[in-house]
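First residue of the sequence shown: 148, per the working numbering; consecutive thereafter.
The beta-carbon is built from N, C-alpha and C at its ideal position, and this holds for glycine as well.
These figures come from a predicted structure and were not determined experimentally.
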Amino acid sequence: MSETEAQKTKMKAETHRSNVPEFSVGDLALSLKHTLEENYGRIRVRGELSRISIAGSGHLYSSLKDDQAVIDAVCWKGVLSKLSVKPEEGLEVICTGRISSYPKSSKYQLIIESMELAGEGALLKMLEERKKKLTAEGLFAPERKKPLPFLPRTIGVVTSPTGAVIRDILHRLADRFPRHVLVWPVLVQGDGAANQVASAIRNFQTIHKHGQPRPDLLIVARGGGSLEDLMPFNEEEVVRAIAESEIPIISAIGHETDTTLADLAADIRAPTPTGAAEIAVPVRANLIAQILEDQQRLVSGMARLLSEHRHKIESLSARLGDPARLLETQAQRIDHLSYKLSGLFSRFLDAKKHALSERTARLRHPRERLAEASQNLSRWSEQLEILRPKLIQEPSQKLNHLGKMLEAYSFENVLQRGFSVVRDEKGTLIPDASNIHPNQVLNIQFRNQGHIQAITTSKKASKPKTKKRKAPPPARNDPQTSLFD
């Protein structure tokens, strides 16, 4: 290539470069943001919610997806609280909003302004999941149901203040049994309806139990509508408010074929608002008729009972006979027994008198007994005077004789006759030579208190000679008795 051609090519490249716009990264991100917002200012996007996250600021971040793509979505805090559908994982929805981008990451996203369910199928799926959750918590358990009062004094109604529902309830209550009715007006459809219904139920609980007019029964009602129209009564806050209510609740939502989660939590479900009024109170005329019928049955029953008892008494009276005759027989029997008792008593007295006379005859006068005792005493005194010398003299003689014998056999008198007493060193008497051992110290006592000590040299003892005993002298005929008598 020649130099001239090279210069021409360079000039063309510089001219082409000068026609291509140049952006910084930030400028390009902002340009793309404006382009997206201008071309997609308001669109509706259908998809399944996923990766739901609520930041500390209250904004919701999530994604919308289908089987082909995923797009990030943002719902600001102020819009989130007004959504008619509560965002839940896996819920198929249609979001209305605009496309924008986040410049710092250059990601486009959907700014959500409203949200609705994508058809009844998605709605029913969400309701089924919610029903399983609340059932697991026991909010629909039969044991939680409260009995309805038979005749409530005050009835609270939570419904729209306008429309056919409140008119039907009031008219039917007036026809059946007029009661005091408190109406708490609420929205029953659209944004904020669920919050108003739940608040009305809770506010009725705050009225003092013994105050007036605190409802004894609540009716939560609305007319028929589509599944979307009835959605406020499927919201958790309404279901929980009904389950937590201390006041029994009748639900009357939609038509008989419509069933909401609020119906499952209520103490009883009415097919229609009119049916709720019929369940709430009985028919006054029917009650009066029933009372009159019961009164008539009671009167008839009492009359029949009295008649039966009257016949029974008459039958028993006939079997008893004439009371006067019964009394005559008993009176005669009493007279007979009285006569017998009188005779028995007389004979008893006669017998006692006879026994007393016999005992009286056997008794002697105390004076006679005293005279006899005095004679006996005189006789015994004379005998004692006769026997007294003999009783004293004989013991005295016997005592003197025993004293002489004791003196003759006394220890000291025996020593005076030449005998001695041998004791060992401890003062123990030694009656026999066999009790003496060699080198033993002996104490020998003689008469006149004489003592000597001796030491034995041998244990050999001489055998004592046996003397023949003299025959005892012939017994004397004196009155002296033996020593051993």
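Burial state of E382 is buried, judged by a 10 Å Cβ sphere holding 16 or more other Cβ atoms. When beta bridges are read from the DSSP output, N590 appears opposite R570, Q600. Excluding residues up to 5 positions away in sequence, nothing lies with its Cβ nearer than 7 Å to the Cβ of L175 in the same chain.
A direct Cα-to-Cα measurement between E541 and N547 gives close to 10 Å. Setting aside the 5 residues that flank it on each side, L411 is surrounded in the same chain by F287, each with a C-beta closer than 7 Å to its C-beta; the list follows chain order.
Using a 10 angstroms sphere on the CB of Q256, the tally of other CB atoms reaches 16 or more, which defines it as buried. Within its own chain, the residues whose Cβ lies closer than 6 Å to the Cβ of I354, once the five positions on either side in sequence are excluded, are R361, listed in chain order. For E239, no alpha helix (DSSP H) run applies; the uninterrupted beta strand (DSSP E) run containing it begins and ends at 239-249, by DSSP. G448 and L295 have their C-alpha atoms roughly 32 Å apart. DSSP places R564 in the coil class of the three-state scheme, outside both helix and strand. Scanning its chain for C-beta atoms nearer than 7 Å, with the 5 sequence neighbours on each side dropped, one finds around A601 the residues L589, I591, in chain order. Listed in chain order, the alpha helix (DSSP H) runs fully inside the stretch 165-233 are 172-186, 224-227, counting runs of at least 4 residues.
The three-state reading of DSSP puts Y255 in strand, counting E and B together. For the pair E391 and P420, the Cα-to-Cα distance works out to about 22 Å. Per DSSP, the continuous alpha helix (DSSP H) segment holding R535 begins and ends at 513-555. The three-state reading of DSSP puts T575 in coil, since its state is none of H, G, I, E or B. Between the stretch 296-305 and the stretch 398-418, the count of C-beta pairs closer than 8 Å stays below three; the two stretches do not touch.
Rounded to the nearest whole angstrom, the CA to CA distance from S178 to V330 is 57 Å. For Q479 and L467, the gap between their C-alpha atoms comes out near 19 Å. Taking 9 Å as the cut-off, the beta carbon of E393 is found no closer than this to the beta carbon of E263.
Contact holds between the stretch 242-257 and the stretch 178-189, because three or more Cβ pairs, one in each stretch, are under 8 Å apart. When DSSP reads this structure, G303 sits in a beta bridge with L329, L365. Close CB contacts of A423 within its chain, under the 7 Å cut and outside five residues either way in sequence, are with I316, I366, A368, I397, A399, A417 (chain order). Around the beta-carbon of R514, fewer than 16 other beta-carbon atoms lie within 10 Å, marking it exposed. Within the same chain, and ignoring the five residues on either side of E572 in sequence, the residues whose Cβ sits closer than 6 Å to its Cβ are V588.
For S462, there is no enclosing beta strand (DSSP E); the enclosing alpha helix (DSSP H) covers residues 431-467.
DSSP, reduced to helix, strand and coil, places S398 within a strand of the structure shown. The C-beta of F380 has 16 or more other C-beta atoms within 10 Å across all chains shown, which makes the residue buried. With contacts defined as CB atoms closer than 9 Å, R323 and V226 fail to qualify as a contacting pair. Relative to the Cα of N350, the nearest Cα in the group V385, G372, R319, Q336 belongs to V385. Assigned with DSSP and collapsed to three states, S261 falls in strand.
Going by DSSP, K279 is part of the alpha helix (DSSP H) stretching over 267-283. Rounded to the nearest whole angstrom, the CA to CA distance from Y486 to S464 is 33 Å. Counting along the chain, the unbroken alpha helix (DSSP H) around T507 starts and ends at 470-509.
DSSP, read as helix, strand or coil, puts I348 in helix.
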